[in-house]
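One structure is given below, encoded as structure tokens.
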Amino acid sequence: MSVADKPRLSHDHVLQLLAGMIRIRRFEDKCAELYTQEKIRGFLHLYDGEEAIAVGVIPVLGPEDRIVATYREHGHALARGVSMNAIMAEMFGKAEGCSGGRGGSMHLFDAGHNFYGGNAIVGGGLPLAAGLALADRMQGSGKVTACFFGEGAVAEGEFHESMNLSQLWSLPVLFVCENNGYAMGTALARSESQQDVAAKAAAYGMEAHTIDGMDVVAVESAARRAMASIRETGKPVLLDCRTYRFRAHSMFDAQLYREKDEVESWRKRGPIVRFQTWLLDNHLIHRDDIDRIERGITDEIAAAVAFAEAGTWEPVDDLTRHVTGDPVPPPEPAPPSGETVEITYREAVKQAIRDAMIHDDRVFLMGEDVGAYGGCYAVTKGMLAEFGPDRIRDTPLSESGFTGAGIGAAAAGMRPIVELMTVNFSLLALDQILNTAATMRHMSGGQFGVPLVIRLATGAGKQLAAQHSHSLEGWYAHIPGLRVLAPATVEDARGMLWTALQDPDPVLIFENVMLYNMTGALDVKAGPVDLDRAAIRREGTDVTLITYGGSLWKTLEAAEELERDGISAEVVDLRSLRPLDDETIMGSLARTRRAVIVDEGWRSGSLSAEVSARITEQVFWHLDAPVGRVCSEEVPIPYPKHLEDAAIPQVPRIIAAAKAALGRD
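Set out below in structure tokens:
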């Protein structure tokens, strides 16, 4: 370590360290008091006893470096320089809060300080930090991301996935484990076969050190060494800071899992009393210095409480603000060239990815086997050779880790395309998709968006049995903050991706496995498509058949057969499952007055149920028959072909449902 990397214990510096810790402690004492008065609600997790870590680490970072914190992040935010007024207002849920009142105690965000928020999901911030660092690595920015987490997170898969990814890809992350000995109420010794957190990181080849987290000077010294190493090598470092929380896990916690004597023993060597006593004993400060610090902090806290009390509540009319970003104007359709090429759905998707990567350096693709293997469905074959391993990234089999990394990279300004090999694998990343990608904009009060595209292969028909034949689009269409697309034509397969990459929010694109080999005519100048509108694929007057994705072609075939029986069926391709285009659906029903919905998802709780409910709510009195539905049977998808076919919508069932709507059973 160079001289520049060592702490300088000047009079001013030791006062800064002491004041930083006291400021956090007094702020949280006040928060605990306000909680008992029910002015702060929800969960409240206090940092009492751990102040040396935030104060020792965060001032070592540069202003351009990024911070990902935990749900116990008040100390981190204060140490970073986030306004105490704004933090207190956020605790009250006021519009003047640092997250606009939408995050509360566990979700403090501040874009101006590169503070990427607390995270209420244990270990949930680790992949996000890896992704932020991945963006910085790819952009050559020289920035470092500091990620704080508790020792309970080391039992989570996301910890191990993030350690592996960060070391594998040489990502500039400073991982700081605030090891207070208890994951909520379970002592580390009761939950971990290997209790040495540094050893866990070292197992991945990562530089890792164990630090006395109650000694602010030791923490600062370790942080300086770690930051110097990261800036020199670009590789991650982990600090296992052994500390202790003096208060309960949260204000709800009765602390029945530890003895009072244990807490008192730790309090005697707490970071503030320990440092303050050492400074006084060595005559480095005077009692007057401490009194002056405490008076200033008392006044600052009083002002912060007054600011929060005087703050305003966001109007209820603004409830839906910040769920998604400002809408992107739909693209101007390219005029038809008059020249078409016959192309497979697979090749159309590939062309879309390739075109995006050529036109935007921020775009990159990552996922399992997308590079050397060429993709599970051969969509990305040959792209590794064309774009190189930095932009076509083969990932470990760690869906939560690399999806979370994609989220972080998007939040840092990149435009990642994450490929999840099959839709059932997405369930391993559901935490990151639901709790981070879909919520970050809202929880941060609009400060951070996640312009991420996730591609998923979906559907049944290839005899892959129950675990590889899901149609879960309707599940994801349930989640605010996401856009969910289902391209069924080569034109949409080619054009939706580019439009999705312009979206300021996460977009999930479900590609039905039965379509990859399908061919269609594509205009040679085909470009982006409008994602907001459903498409009428066939006009009719007697009944509207509403569908999407792989079922479109079965539905069109059914419509042709119905035509031979004298029934004119209109076919609506939803294309976008969230948001739904109610206008096109209801416009079609104004003509036909009858509806049948074809959905490969299971009937119970399906997307078809949502569409049916909307039809009933909006045009019930204009209908001439109940809404019909053709869905998958309520069984896990079987392996034998005849049973698989029987389980999912087929042409005869669609025809039967259409005739039933017309009273021609």
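Under full-length UniProt numbering, the residue at position 346 of the sequence shown is numbered 346, and the numbers go up by one with no gaps.
Here a beta-carbon is modelled for each residue, glycine too, at the ideal position from N, C-alpha and C.
This one's a predicted model, so the numbers in the text were calculated from it and none came from an experiment.
Worksheet item: Taking just the CA atoms, how far does Leu574 sit from Val507?
Response: Residue 507 sits at position 507 when you count from the first residue of the sequence shown. Residue 574 sits at position 574 when you count from the first residue of the sequence shown. Answer to the nearest angstrom: the Cα atoms are 16 Å apart.
Worksheet item: Okay, do the region 492-510 and the region 590-605 touch, 3+ Cβ pairs below 8 Å being the bar?
Response: no
Fill in: Alpha carbon of Pro579 to alpha carbon of Pro336, nearest angstrom
Taking the sequence shown and counting its residues from 1, the one referred to as residue 579 is at position 579. Taking the sequence shown and counting its residues from 1, the one referred to as residue 336 is at position 336. Cα to Cα, the separation comes out at about 27 Å.
Fill in: Minimum C-alpha distance to Glu73 - residue among Glu262, Met88 and Leu472
Within the sequence shown, the letter at position 73 stands for residue 73. Checking every option, the nearest Cα to that of Glu73 belongs to Met88.
Practice prompt. Could you check the C-alpha separation between Gly181 and His45 for me, to the nearest Å?
Written response: Locating residue 181 in the sequence shown gives position 181, counting from the first residue. Locating residue 45 in the sequence shown gives position 45, counting from the first residue. Near 15 Å, if we compare the C-alpha coordinates of His45 and Gly181.
Discussion item. Between the region 50-62 and the region 122-140, can you find at least three pairs of beta-carbon atoms closer than 8 Å?
Written reply: no
Worksheet item: Quick one: any contact between the region 59-70 and the region 144-152, if contact means 3 or more CB pairs under 8 Å?
Response: yes
Worksheet item: Counting along the chain, where does the beta strand (DSSP E) carrying Phe387 start and finish?
Response: Counting from 1 along the sequence shown, the entry for residue 387 is found at position 387. Phe387 -> not in any beta strand (DSSP E); alpha helix (DSSP H) instead, spanning Met383 to Phe387.
Worksheet item: With Val627 and Ala595 assumed to form a contact (beta carbons below 8 Å), what rounded beta-carbon distance in angstroms separates them?
Response: The count along the sequence shown starts at 1 and reaches residue 627 at position 627. The count along the sequence shown starts at 1 and reaches residue 595 at position 595. Yes, they are in contact, since the Cβ atoms of Val627 and Ala595 sit about 5 Å apart, within 8 Å.
Discussion item. Is the separation between the beta-carbon of Met138 and that of Met414 shorter than 8 Å?
Written reply: Residue numbering aside, residue 138 sits at position 138 when the sequence shown is read from its first letter. Residue numbering aside, residue 414 sits at position 414 when the sequence shown is read from its first letter. A contact, by the Cβ cut-off of 8 Å.
Worksheet item: If you draw a straight line from the alpha carbon of Gly270 to that of Gly49, how long is it in whole angstroms?
Response: Residue numbering aside, residue 270 sits at position 270 when the sequence shown is read from its first letter. Residue numbering aside, residue 49 sits at position 49 when the sequence shown is read from its first letter. Using only the alpha carbons, I get a separation of about 6 Å.
Worksheet item: From this set, Met163, Glu161, His113 and Ser170, which residue's C-alpha is nearest Gly140's C-alpha?
Response: Counted from its first residue, the sequence shown places residue 140 at position 140. Checking every option, the nearest Cα to that of Gly140 belongs to Ser170.
Practice prompt. Pull up the DSSP beta-bridge partners for Cys241, would you.
Written response: The residue labelled residue 241 in the question sits at position 241 within the sequence shown. Partner(s): Glu178 and Ile211.
Worksheet item: If you draw a straight line from the alpha carbon of Ala411 to that of Leu501, how long is it in whole angstroms?
Response: As a working note, residue 411 is residue 411 in the sequence shown. As a working note, residue 501 is residue 501 in the sequence shown. Cα-Cα distance, rounded: 13 Å.
Worksheet item: Taking one C-beta from the region 502-521 and one from the region 438-450 each time, how about it: are there three or more such pairs within less than 8 Å?
Response: yes
Practice prompt. Could you tell me which of Arg26, Ile353, Thr541 and Arg533 sits nearest to Thr592, measuring between CA atoms?
Written response: Here residue 592 is taken as the residue at index 592 of the sequence shown, counted from 1. The candidate whose alpha carbon is nearest that of Thr592 is Thr541.
Worksheet item: Of all the alpha helix (DSSP H) runs that stay within the bounds of the region 356-442, which reach a length of 4 or more residues?
Response: 383-387 and 399-411
Worksheet entry | Which of helix, strand or coil DSSP assigns to Leu319 | Counting from 1 along the sequence shown, the entry for residue 319 is found at position 319. Coil.
Worksheet entry | His642 classed as buried or exposed, judged by whether at least 16 other C-beta atoms fall within 10 angstroms | What you label residue 642 is simply residue 642 of the sequence shown in a count that begins at 1. With fewer than 16 other Cβ atoms within 10 Å, it is exposed.
Item to complete: Would you mind stating whether Met357 and Val349 have Cβ atoms separated by less than 8 Å?
Response: Locating residue 357 in the sequence shown gives position 357, where the first residue counts as 1. Locating residue 349 in the sequence shown gives position 349, where the first residue counts as 1. Cβ atoms of Met357 and Val349: not closer than 8 Å.
Worksheet item: How big is the Cα-Cα spacing for Val3 and Leu434?
Response: Taking the sequence shown and counting its residues from 1, the one referred to as residue 3 is at position 3. Taking the sequence shown and counting its residues from 1, the one referred to as residue 434 is at position 434. Because the pLDDT at Val3 is just 48, under 50, the model does not fix this residue reliably, and the value given afterwards should be weighed accordingly. If you take the alpha carbons of Val3 and Leu434, they lie about 46 Å apart.
Item to complete: Measure from the alpha carbon of Leu284 to the alpha carbon of each residue in Ser632, Asp291, Leu15 and Ser588, then state which is nearest.
Response: Start at 1 with the first residue of the sequence shown, and residue 284 comes out as number 284. Of Ser632, Asp291, Leu15 and Ser588, the residue nearest in Cα terms is Leu15.
Item to complete: Hey, could you find the ends of the alpha helix (DSSP H) Val546 is sitting in?
Response: One-based indexing of the sequence shown puts residue 546 at position 546. Note on residue identity: the sequence assigns Ile, not Val, to residue 546. Note, Ile546: premise wrong, no alpha helix (DSSP H); beta strand (DSSP E) at Val543 to Thr547.
Worksheet item: When you compare each of Tyr244, Asn517, Glu561 and Leu165 to Ile272 by their alpha carbons, which one comes out closest?
Response: Mapped onto the sequence shown, residue 272 falls at position 272. If we check each option's Cα against that of Ile272, Tyr244 comes out closest.
Fill in: Sequence-distant residues of the same chain with beta carbon closer than 7 Å to Arg664, five excluded per side
Within the sequence shown, numbered from 1, the residue matching residue 664 stands at position 664. Excluding residues within five positions, none has a Cβ falling inside 7 Å.
Discussion item. Between which residues of its own chain and Ser604 is the CB-CB distance below 7 Å, once the five residues before and five after are set aside?
Written reply: Residue mapping note: residue 604 aligns to position 604 of the sequence shown, counting from 1. Within the same chain, Ser604 has close Cβ partners Glu634.
Practice prompt. Please name the residue or residues paired with Asn512 in a DSSP beta bridge.
Written response: Start at 1 with the first residue of the sequence shown, and residue 512 comes out as number 512. DSSP output for Asn512 lists Thr458 as bridge partner(s).
Discussion item. In the DSSP output, which residue or residues are listed as bridge partners for Arg494?
Written reply: Indexing the sequence shown from 1 puts residue 494 at position 494. Answer is none; Arg494 lacks a bridge partner.
Worksheet item: Roughly how many whole angstroms lie between the Cα atoms of Thr555 and Asp645?
Response: In the sequence shown, the residue the question calls residue 555 occupies position 555. In the sequence shown, the residue the question calls residue 645 occupies position 645. Between Thr555 and Asp645, the C-alpha separation is close to 15 Å.
Discussion item. Report the start-end ranges of each beta strand (DSSP E) in the region 563-634 that is 3 residues or longer and not cut off at the edges.
Written reply: 569-573, 576-578, 595-602 and 628-632
Worksheet item: Would His107 be called buried (16 or more neighbouring beta carbons within 10 Å of its own) or exposed?
Response: Residue numbering aside, residue 107 sits at position 107 when the sequence shown is read from its first letter. Classification for His107: buried.
Discussion item. Between the alpha carbons of Ile567 and Phe425, how many angstroms are there, rounded?
Written reply: Counting from one through the sequence shown, the residue named residue 567 turns up at place 567. Counting from one through the sequence shown, the residue named residue 425 turns up at place 425. Using only the alpha carbons, I get a separation of about 41 Å.
Worksheet entry | Residue burial classification, Asn85 (beta-carbon count within 10 angstroms, cutoff 16) | Within the sequence shown, residue 85 is the residue found at index 85, counting from 1. It is buried - the Cβ of Asn85 has at least 16 other Cβ atoms within 10 Å.
Worksheet item: Any idea what DSSP makes of Gly97, helix, strand or coil?
Response: Against the sequence shown, residue 97 aligns to sequence position 97. Three-state result, Gly97: coil.
Worksheet item: If you draw a straight line from the C-alpha of Asn512 to the C-alpha of Gly42, how long is it?
Response: Within the sequence shown, numbered from 1, the residue matching residue 512 stands at position 512. Within the sequence shown, numbered from 1, the residue matching residue 42 stands at position 42. Between Asn512 and Gly42, the C-alpha separation is close to 42 Å.
Worksheet item: Can the beta-carbon of Cys177 be found closer than 8 Å to that of Leu238?
Response: On the sequence shown, residue 177 is found 177 positions in, with the first residue counted as 1. On the sequence shown, residue 238 is found 238 positions in, with the first residue counted as 1. Yes, Cβ-Cβ distance for Cys177 and Leu238 is below 8 Å.
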